[in-house]
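Residue numbers (the UniProt record's numbering): 1 to 231.
First the structure, in the form of structure tokens, and then the observations on it.
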Amino acid sequence: MFINATDLIPLEVSPLTNIERIILAVLCAVVAVCGILGNGLVILAVWFSRRLRTATNVYVVNLSLADIVTCLSVPIYVMALMSWETWPGSELPCTLVAALSMICVGCSQFTLAGIALNRYVLVTKARDVYTSLYCRRNLVISTICTWLIPILAVTLPSCLELVTWALTPSILVADQNIRNHIHTTLSWPSYCTHCRLARSSYVTLKYSFSLNAIVKTWRRQLPNIQLHPWQ
1 MFINATDLIP LEVSPLTNIE RIILAVLCAV VAVCGILGNG LVILAVWFSR
51 RLRTATNVYV VNLSLADIVT CLSVPIYVMA LMSWETWPGS ELPCTLVAAL
101 SMICVGCSQF TLAGIALNRY VLVTKARDVY TSLYCRRNLV ISTICTWLIP
151 ILAVTLPSCL ELVTWALTPS ILVADQNIRN HIHTTLSWPS YCTHCRLARS
201 SYVTLKYSFS LNAIVKTWRR QLPNIQLHPW Q
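Structure follows, in structure tokens:
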């Protein structure tokens, strides 16, 4: 059973004022520009410096790429915020931006989990084990998976007409008719909710590996720590 837009975001929610919309649009534009420049510098640094081409930085570059793609979609939000009376385009940009945002968020989550697992293996396992696990082939496969899993999670339910993707109307568009025209961010059936819980559980499990590595390292070094008399 589908969830209507009115179930997620009531229409009686007061829209933003014109001043608030201008401020929010400017902030979004500034964040997008800073995000593109900052993450672009990260990618260029790894590209030009051989010393930075490590297994961990493969995930860092992948994370920067996901952030850049997200920042490139911000102009659609800015355009929607600055549309006072009518939406200047079709629903297709809204659908693409909403789906792309979910894909990039999912990619970022899996990439961060991959960094945590990478640190866990580096700290708790032998150097040979780390080198064999994070060879070039495995890095390529794991990086592709960080994109492929969110893409499938977004496109398959949409192709099966289980999910509707678009921007949030009550925030981006003030006009009542346009708010009814542009759909809500997403309409989750119950099984898609379970998919989100499964993805969050997977990420939580990987982060627990990192925490376990920190605890193990601390316990190993604890006997060598010289405590002061007052401690």
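Every residue, glycine too, gets a C-beta built ideally from N, C-alpha and C.
Residues of its chain near residue i, where Cβ-Cβ distance is below 6 Å and the 5 sequence neighbours each way are ignored
i: G106; result: P150
i: Y134; result: A55
i: A198; result: In this prediction, A198 scores a pLDDT of 49, lower than 50, which makes its location untrustworthy; the coordinate-derived value is nonetheless stated afterwards. Closer than 6 Å at the Cβ level, and outside the excluded window around A198, lies no residue.
i: A66; result: C104, C107, S108
i: D128; result: none
i: A29; result: V78
Among the options, nearest to residue i - alpha-carbon criterion
i: A153; options: V123, L100, N118, M82; result: L100
i: N18; options: I144, A113, S83, Y77; result: S83
i: L24; options: V78, V97, Y120, V121; result: V78
i: V61; options: A29, V46, R50; result: V46
i: L139; options: V97, R127, T111; result: T111
i: L63; options: D128, G40, T131, A80; result: G40
i: T155; options: R137, T131, M102, S132; result: M102
i: I22; options: D128, L81, P157, F48; result: L81
Assumed close pair residue i, residue j - CB separation to whole angstroms, cut-off 8 Å
i: T70; j: C94; result: Their Cβ separation, rounded to whole angstroms, is 15 Å, which puts T70 and C94 out of contact at 8 Å.
i: I76; j: V42; result: So it is not a contact: roughly 24 Å between Cβ atoms.
8 Å Cβ shell around residue i - same chain, five flanking residues per side excluded
i: I36; result: I68, C71, L72
i: V31; result: C71, V74
i: V121; result: V129, Y130, L133, Y134
Cβ neighbours of residue i in the same chain (closer than 7 Å, five flanking residues each side left out)
i: Y191; result: No answer about Y191 holds up, because its pLDDT of 35 lies below 50 and its placement is not dependable.
i: W147; result: C107
i: G114; result: Y59, S142, T146
i: N57; result: V46
Whole runs of the beta strand (DSSP E) within the stretch 6 to 70, excluding any shorter than 3 residues: Entirely contained in the stretch 6 to 70, not one beta strand (DSSP E) run reaches 3 residues.
What residue ranges within the stretch 90 to 147 form continuous alpha helix (DSSP H) runs of no fewer than 4 residues, ordered along the chain? Runs found: 92 to 124, 127 to 133.
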